[in-house]
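**Q** The structure is given below, and queries will be raised subsequently.
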Amino acid sequence: MSKSKWILGAAAVLALSVAVAGCGGGDKKAADKKAAGPSGDVMVYTSIYPDIIDGMCKPNVAKAFPNLKVTWFQGGTEKVKTKIAGEIKAKKIGTDVLMVADPSYYLALQNQKLLLDYVSPNQKDVVSDKDPKGAWTAVRISNMIIAYNTEKTKEADAPKSWQDLLDPKYKGKIAMPNPMLSGTAYVAAGALADKYGWEYFDKLKANGIRVEEGNSAIQNKLLTGEYVAAMILEENILKLVEKKKEPLKVQYPTDGIISVPSPIAIFNTTKNPEGAKALVDWWLSKEGQQAVVKGWMHSVRGDVNPPTTAPKISELLKTAVKVNWQKLATEEAQIKEQFRVRVMDKK
C-alpha cells in the first residue's frame with residue numbers, strides 16, 4: 023500500500039471513530055436525561071383532601087419525579103370548577119393536570135375541546151371508566167354511602183338503604199353534603215333523582231334532612247350524635263375508623279352505593295406536556311394506585327387491593343345506582359336548581 027493511500031485510510035478510520043464516539047456520547051446524554059425523568063413545573067388542580075395531598079400525594083410524587091416541581095391547588099370540586107371557568111373566560115388556564123371528583127365535568131370540558139388526548143401506557147390496566155382517546159381516565163373511585171355512629175345507634179336501628187332515610191324515626195337527624203359545593207354530592211343527587219324521582223328529595227326535606235357544606239362537617243356531627251345517620255363519602259369514614267378508631271360504621275346501601283370514578287386529565291394548554299403525561303402515567307401505575315388506596319379510596323386497577331376493611335369495588339358495583347354521566351354534564355344547572363328548590367328553599 024502506498025503511503026498516500028495509508029494516510030487516507032487512517033483518516034477515514036479516525037473520522038468514523040469520532041463519529042461513533044459522538045453518537046455514543048449523544049446516546050448517553052439522552053439516556054441520562056431519560057433516567058432523570060421529566061423536569062420543569064406542573065400545576066395540579068384537585069379536590070383530594072388537603073391532608074391526603076400533604077401525606078400521600080406530595081411525598082410520593084416528589085420521590086417519583088425529583089426533578090419535577092409539582093404545585094397543588096386544592097378545593098372542593100365546585101370551587102375548582104369556578105376557578106377554571108374564570109380562567110377559561112380570561113383565556114389563561116392556570117393548571118396542567120386536573121383531578122376533581124365529578125366525571126361529568128370532564129365530559130363538559132371535552133365537549134369544549136379543552137383536554138389533551140393522551141392514552142397512557144398504563145390505561146390498558148384501568149378497569150374503570152376511560153375515554154378511548156385518552157382525554158380523561160378514571161384515577162380514583164369514591165363511593166357515596168350511609169354512615170352511622172355505633173355508640174349512638176344500634177345496628178338494628180340504623181338505616182340500611184337510601185329509602186330508609188325517609189323513615190320518620192330519623193326525622194331531623196339525617197344529613198347530606200351540599201351538591202352546590204361537592205362534586206360527589208352532585209352526582210349522588212342526580213343519580214338518586216333518576217332512580218327514585220325528585221319526589222324522593224321532597225320526602226327527604228319533609229323528614230328534616232340537613233344539608234351541610236361538605237363531608238367533613240357531616241362526619242364531625244356524626245361523632246357528636248347530632249346526626250343519627252348521613253350520606254357521606256366512604257373514604258371519610260374508613261379513615262376515621264382506621265386512623266383514630268372512631269365508632270363510625272359504613273353501611274353499603276342495599277339499594278346500591280353511588281360510585282364516582284373520578285378522572286385525571288391534562289389541559290391542552292399545558293406548557294409542560296412531558297411532565298403532565300409523566301404524572302398521569304404514574305397515577306395510573308400500580309405504585310400510584312397503591313398510593314390512592316392509602317388515601318382510603320378505591321383503585322381503578324384490578325391488581326390493587328381495596329382499602330382496609332372495604333369490599334372489592336367489583337362487588338360493590340354489582341348493585342350500584344346507575345349514573346347518567348352525560349345528563350349530569352349537560353343538565354347541571356337544571357339538576358342543581360331542582361335540588362335547591364326542593365331541599366334548600368325555606369318555604
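Numbering (the working numbering), first residue to last: 23 to 369.
Glycine included, each C-beta is placed from N, C-alpha and C at the ideal position.
Quantities reported herein were computed from a predicted structural model and do not represent experimental measurements.
Can you tell me whether TRP184 is helix, strand or coil according to DSSP?
**A** Here the question's residue 184 lines up with position 162 in the sequence shown. Coil, per DSSP.
**Q** If distances are taken between C-alpha atoms only, which option among VAL92, ASN82 and MET253 comes closest to MET166?
**A** Position 144 of the sequence shown, counted from the first residue, corresponds to residue 166. For the residues VAL92, ASN82 and MET253, the minimum Cα distance to MET166 belongs to MET253.
**Q** Report yes or no: do three or more beta-carbon pairs, one from the region 118 to 127 and one from the region 336 to 344, lie closer than 8 Å?
**A** No, because fewer than three Cβ pairs between the region 118 to 127 and the region 336 to 344 fall closer than 8 Å, the two stretches do not touch.
**Q** Please state whether DSSP places PRO154 in a helix, a strand or coil.
**A** Start at 1 with the first residue of the sequence shown, and residue 154 comes out as number 132. The answer is coil: DSSP assigns PRO154 none of H, G, I, E or B.
**Q** One question on the structure: do ILE163 and ILE335 come within less than 8 Å of each other, judged by their Cβ atoms?
**A** As a working mapping, residue 163 is identified with position 141 in the sequence shown. As a working mapping, residue 335 is identified with position 313 in the sequence shown. Yes, they are a contact pair.
**Q** Just the Cα atoms here: how many angstroms apart are LEU244 and SER284?
**A** Within the sequence shown, numbered from 1, the residue matching residue 244 stands at position 222. Within the sequence shown, numbered from 1, the residue matching residue 284 stands at position 262. Taking the straight line from one Cα to the other gives about 26 Å.
**Q** I'd like the span of the alpha helix (DSSP H) that includes GLY77, first residue to last.
**A** Residue 77 sits at position 55 when you count from the first residue of the sequence shown. Unbroken run through GLY77: none, as it is neither H nor E.
**Q** If you reduce the DSSP assignment to three classes, tell me which class PHE95 lands in.
**A** Reading the sequence shown from its first residue, position 73 is the one you call residue 95. Looking at PHE95 - three-state DSSP - the assignment turns out to be strand.
**Q** Out of curiosity, what's the CA-to-CA distance linking ALA213 and GLU256?
**A** Numbered from 1 along the sequence shown, position 191 holds the residue referred to as residue 213. Numbered from 1 along the sequence shown, position 234 holds the residue referred to as residue 256. Distance between the alpha carbons of ALA213 and GLU256 is about 17 Å.
**Q** Leaving aside the five residues before and after THR330 along the sequence, list all residues of the same chain whose C-beta is less than 8 Å from its C-beta, in chain order.
**A** Reading the sequence shown from its first residue, position 308 is the one you call residue 330. The residues are LEU260 and GLU264.
**Q** Please go through the same chain and pick out, in chain order, the residues whose beta-carbon is closer than 7 Å to the beta-carbon of CYS45, but skip the five residues on each side of it.
**A** Counted from its first residue, the sequence shown places residue 45 at position 23. Note that CYS45 scores 37 on pLDDT, short of 50, meaning its location in the model is unreliable and no value can be drawn from it.
**Q** Could you tell me the distance, in whole angstroms, from the CA atom of PRO81 to the CA atom of LYS91?
**A** Counting from 1 along the sequence shown, the entry for residue 81 is found at position 59. Counting from 1 along the sequence shown, the entry for residue 91 is found at position 69. Spanning the two alpha carbons is a distance of roughly 12 Å.
**Q** Looking at the structure shown, is ASP367 part of a helix, part of a strand, or coil, going by DSSP?
**A** As a working note, residue 367 is residue 345 in the sequence shown. The answer is coil: DSSP assigns ASP367 none of H, G, I, E or B.
**Q** Buried or exposed, going by whether 16 or more other CB atoms sit within 10 Å of the CB of ALA169?
**A** On the sequence shown, residue 169 is found 147 positions in, with the first residue counted as 1. Buried, since its Cβ has 16 or more Cβ neighbours within 10 Å.
**Q** Helix, strand or coil: which one does DSSP assign to PRO72?
**A** Counting from 1 along the sequence shown, the entry for residue 72 is found at position 50. DSSP places PRO72 in helix when its eight states are reduced to three.
**Q** Give me the DSSP bridge partner(s) of ASP147.
**A** Working through the sequence shown from its first residue, we reach residue 147 at position 125. Looking at the DSSP assignment, ASP147 forms no beta bridge with any residue, so it has no partner.
**Q** Count the CB pairs spanning the region 235 to 244 and the region 126 to 136 that are closer than 8 Å, and state whether there are at least three.
**A** Touching, no, given that fewer than three Cβ pairs across the two stretches are closer than 8 Å.
**Q** So the candidates are ASP63, ALA313, THR104 and LYS113; which of them puts its Cα closest to the Cα of SER372?
**A** As shown, the chain starts at 23 and ends at 369. That puts residue 372 outside it, with no answer to give.
**Q** Could you check the C-alpha separation between LEU187 and MET198 for me, to the nearest Å?
**A** Mapped onto the sequence shown, residue 187 falls at position 165. Mapped onto the sequence shown, residue 198 falls at position 176. If I take the Cα positions, the gap works out to 11 Å.
**Q** Of the residues LYS85, ILE357 and VAL161, which one's Cα is nearest the Cα of THR68?
**A** Residue 68 sits at position 46 when you count from the first residue of the sequence shown. That would be VAL161, whose Cα lies nearest to the Cα of THR68.
**Q** Suppose you measure from the CA of ASN294 to the CA of TYR140; what does that come to, to the nearest Å?
**A** Walking along the sequence shown from the start, residue 294 turns up at place 272. Walking along the sequence shown from the start, residue 140 turns up at place 118. Rounded to the nearest angstrom, the two C-alpha atoms are 13 Å apart.
**Q** Classify LYS340 as helix, strand or coil using the three-state DSSP reduction.
**A** Reading the sequence shown from its first residue, position 318 is the one you call residue 340. Three-state result, LYS340: helix.
**Q** What separation, rounded to the nearest whole angstrom, lies between the Cα atoms of THR352 and LYS182?
**A** In the sequence shown, counting from the first residue as 1, residue 352 sits at position 330. In the sequence shown, counting from the first residue as 1, residue 182 sits at position 160. Each residue's Cα considered, the two are about 32 Å apart.
**Q** Closest to VAL66 by C-alpha separation, out of ALA287, ASP224 and VAL322, would be which residue?
**A** Locating residue 66 in the sequence shown gives position 44, counting from the first residue. Looking at the Cα atoms, ALA287 is the closest of the given residues.
**Q** Cα-Cα, which of ILE70, ALA298, ASN144 and LYS217 is closest to LEU137?
**A** Your numbering for residue 137 matches position 115 in the sequence shown. If we check each option's Cα against that of LEU137, ALA298 comes out closest.
**Q** Helix or strand or just coil, what does DSSP make of GLN360?
**A** Mapped onto the sequence shown, residue 360 falls at position 338. Three-state DSSP puts GLN360 in a helix.
**Q** Using DSSP with H/G/I as helix, E/B as strand and the rest coil, what is ASP303?
**A** As a working note, residue 303 is residue 281 in the sequence shown. In the structure shown, ASP303 sits in a helix (DSSP, three-state: H, G or I).
**Q** Are there 16 or more other CB atoms within 10 angstroms of the CB of PRO72, so buried, or fewer, so exposed?
**A** For the purposes of this step, residue 72 is identified with residue 50 of the sequence shown, where counting begins at 1. By the 10 Å Cβ count, PRO72 comes out exposed.
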